[in-house]
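**Student:** A single structure is presented below for examination.
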Amino acid sequence: HRERERKRQRHSHSEVSEKFGGIEGTKLDDDFKEMERKVGVTIRSVMEIIIKTTEYLQANPASRAK
């Protein structure tokens, strides 16, 4: 979550700098946007697998039932 927030802040900061500096922002092509979306989906999936694996490997079977 922290990394996503930092990324959003950097993006917002660069947009503000470009607006005040009179510089047109870099346009991202559709392939890049699609790749960025896929990376986000992959990261969320890996995090979900890590969470589920950690729960499954708990020593107490009652805590595994979540």
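Residues 21 to 86 (the numbering used here) make up the sequence shown, in order. Glycine residues also receive a C-beta, built at the ideal position from the N, C-alpha and C atoms.
At the level of alpha carbons, what is the spacing between K58 and S65?
**Tutor:** Translated into the one-based positions of the sequence shown, residue 58 becomes position 38. Translated into the one-based positions of the sequence shown, residue 65 becomes position 45. Rounded to whole angstroms, K58 to S65 spans 10 Å at the Cα level.
**Student:** Quick check on DSSP: helix, strand or coil for T62?
**Tutor:** Walking along the sequence shown from the start, residue 62 turns up at place 42. Helix at T62.
**Student:** According to DSSP, is D49 part of a helix, a strand, or is it coil?
**Tutor:** Indexing the sequence shown from 1 puts residue 49 at position 29. DSSP places D49 in coil when its eight states are reduced to three.
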